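Here the sequence shown is numbered in the numbering used here, starting from 8 and rising by one per residue. Below you'll find the structure, written out as structure tokens, and then a few comments.
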Amino acid sequence: MFDKSQYKVKRLFKDEHFENGFTVFPLTHDDDRSIPGVDWSFPESKNKPSWRLIQHYSLYCLVDEKKETGNPYELTDVGDSKRVLYNPEEKSLLLKLDASKIYKGGTENYKFWPHLLIEQKHICDYKNMPEGDEKTFYSANADKIVVEFDIRMTDYVPTTNPAGVNACQFVAYVYLQRVDANHIYFGFGPFDSRGAMDFLWKKETGGENFIYGLDTATVFGGVENSFVAGGKIEPSMEWKHVELDLTPHIDRIMETANRDMIFGGPVTRDEFYFSGTNLGFETHGNISCTFEIKNYNLVSYIKK
Numbered sequence: 008m009f010d011k012s013q014y015k016v017k018r019l020f021k022d023e024h025f026e027n028g029f030t031v032f033p034l035t036h037d038d039d040r041s042i043p044g045v046d047w048s049f050p051e052s053k054n055k056p057s058w059r060l061i062q063h064y065s066l067y068c069l070v071d072e073k074k075e076t077g078n079p080y081e082l083t084d085v086g087d088s089k090r091v092l093y094n095p096e097e098k099s100l101l102l103k104l105d106a107s108k109i110y111k112g113g114t115e116n117y118k119f120w121p122h123l124l125i126e127q128k129h130i131c132d133y134k135n136m137p138e139g140d141e142k143t144f145y146s147a148n149a150d151k152i153v154v155e156f157d158i159r160m161t162d163y164v165p166t167t168n169p170a171g172v173n174a175c176q177f178v179a180y181v182y183l184q185r186v187d188a189n190h191i192y193f194g195f196g197p198f199d200s201r202g203a204m205d206f207l208w209k210k211e212t213g214g215e216n217f218i219y220g221l222d223t224a225t226v227f228g229g230v231e232n233s234f235v236a237g238g239k240i241e242p243s244m245e246w247k248h249v250e251l252d253l254t255p256h257i258d259r260i261m262e263t264a265n266r267d268m269i270f271g272g273p274v275t276r277d278e279f280y281f282s283g284t285n286l287g288f289e290t291h292g293n294i295s296c297t298f299e300i301k302n303y304n305l306v307s308y309i310k311k
């Protein structure tokens with residue numbers, strides 16, 4: 008790692024420890040964006056939630072079909088298909104998605120993959136920010152951009168879909184936004200045993216944005232350090248710490264975007280900024296998986 012003492016530092020995501028809870032959006036949110044979310048705050052929450060909880064296409068709804076558990080830190084549905092649990096002592100978040108409860112053993116053909124995601128959008132008003140350090144922190148042209156988190160997979164029941172991946176389809180994205188233009192989903196997959204695939208570059212299915220994805224082996228510095236070492240899924244209570252330098256990949260994104268001319272002309276890093284993030288499940292097949300995450304943030308460094 009580089010000498011951090013030589014840099015000014017800013018952590019870009021708000022409420023890094025999830026202490027203010029979540030705004031939970033119902034299943035219909037993606038089809039009708041006028042439907043508001045419902046705030047789920049904790050007893051000690053001091054501010055409105057910065058994080059959103061998204062559950063597209065997942066059958067049972069955490070708003071309309073919420074199960075009363077008596078635990079202010081727990082959210083689950085009547086179908087027991089999704090569970091969200093906050094640990095105020097650990098300041099960690101547990102997400103569980105049991106897709107077998109949604110696909111019902113494969114007897115029903117749902118068009119979309121079930122989702123259970125946390126999201127933070129519009130982390131800055133970049134377009135109207137004055138030039139200076141504060142704006143530079145959010146820019147893709149910062150000297151270093153590092154994603155950090157601690158994560159563990161505590162439970163896993165494999166897919167019954169032979170065409171599926173061998174681990175749960177768990178994704179994390181940061182949004183690399185060009186002002187007044189389409190953006191790039193910059194992804195890094197913590198749970199996926201497809202091994203070293205170098206990187207993924209494709210147009211978003213059904214959309215106008217692009218996806219640049221890093222595989223599990225890159226995220227953990229070798230697939231042997233991940234939860235799929237040796238090709239076998241290995242749940243455990245062990246926390247794995249990730250500090251992934253995105254800076255060289257941002258350079259590669261610019262090179263690839265210019266090669267494919269996806270923005271209609273050449274672009275440079277200083278035209279892009281980080282506008283948000285999402286993290287969680289986008290899964291197919293009858294997978295049931297539980298993971299926990301804490302200390303998730305995008306950390307920006309500029310030289311002193």
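All C-beta atoms, glycine included, are put in the ideal place defined by N, C-alpha and C. Every value quoted in this text rests on a predicted model; they were computed, and no experiment measured them.
In the DSSP assignment, the alpha helix (DSSP H) including ASN285 goes from what residue to what residue?
For ASN285, no alpha helix (DSSP H) run applies; the uninterrupted beta strand (DSSP E) run containing it begins and ends at 279-289, by DSSP.
Mind checking GLN13: buried by the 16 CB within 10 Å criterion, or exposed?
The residue in question, GLN13, is exposed, as its Cβ has fewer than 16 Cβ neighbours within 10 Å.
Suppose you measure from the CA of LEU100 to the CA of PRO137; what does that come to, to the nearest Å?
So the two alpha carbons sit approximately 35 angstroms from each other.
For TYR303, is the classification buried or exposed, using 16 other Cβ atoms within 10 angstroms of its Cβ as the cut-off for buried?
Buried.
Whole-angstrom distance between SER282 and THR30, CA atom to CA atom
About 18 angstroms.
DSSP-derived helix/strand/coil call for GLY202:
Because GLY202 carries a pLDDT of 48, less than 50, the predicted location of this residue cannot be relied on, and no value is offered for it.
Report the option in VAL16, PHE32, ILE109 and LYS134 whose CA atom is closest to the CA atom of TYR280.
For the set VAL16, PHE32, ILE109 and LYS134, the Cα lying nearest the Cα of TYR280 is the one of LYS134.
Once the 5 residues before and after PRO95 are set aside, which same chain residues still bring their CB inside 8 angstroms of it?
Correct list, in chain order: GLU26, PHE49, GLU51 and TYR80.
Own chain partners of CYS131 with C-beta closer than 6 angstroms, once the 5 adjacent residues on each side are dropped
If we look at CYS131 and ignore the five residues flanking it on each side, its Cβ neighbours are TYR145.
Verify whether the separation of the beta carbon atoms of ILE158 and TYR192 is less than 8 angstroms.
Their beta carbons are not under 8 angstroms apart, which means ILE158 does not touch TYR192 by this criterion.
Cβ neighbour criterion (16 or more within 10 Å) applied to GLY202
The predicted model places GLY202 with a pLDDT of 48, which falls under 50 and marks its position as unreliable; any figure quoted below should be read in that light. It is exposed - the Cβ of GLY202 has fewer than 16 other Cβ atoms within 10 Å.
Pull up the CB-CB distance for THR297 and LYS103, whole angstroms please, since I reckon it's below 8 angstroms.
Their Cβ separation, rounded to whole angstroms, is 4 angstroms, which keeps THR297 and LYS103 in contact under 8 angstroms.
Residues near SER57 by beta carbon distance below 7 angstroms, same chain, minus five either side
Residues LYS21, ASP22, ASN27 and GLN127 of the same chain have their beta carbon placed closer than 7 angstroms to that of SER57, with the five preceding and five following residues left out of the count.
Measuring straight from C-alpha to C-alpha, what distance separates TYR93 and ASP258?
Between TYR93 and ASP258, the C-alpha separation is close to 36 angstroms.
Out of GLU155, ILE300 and MET261, state which residue places its alpha-carbon closest to the alpha-carbon of PHE177.
Here the closest residue by C-alpha is ILE300.
Please report how far the alpha carbon of LYS312 lies from the alpha carbon of ASP10, in whole angstroms.
Only positions 8 to 311 of the chain appear in this structure, which leaves residue 312 out of reach.
Under a Cβ-count criterion, where at least 16 other Cβ atoms within 10 Å of its own Cβ denotes burial, should THR114 be classed as buried or exposed?
Note that THR114 scores 48 on pLDDT, short of 50, meaning its location in the model is unreliable; the coordinates nonetheless yield the value given after this. With fewer than 16 other Cβ atoms inside 10 Å of its own Cβ, THR114 counts as exposed.
I'd like the span of the alpha helix (DSSP H) that includes MET261, first residue to last.
For MET261, the enclosing alpha helix (DSSP H) begins and ends at 254-267.
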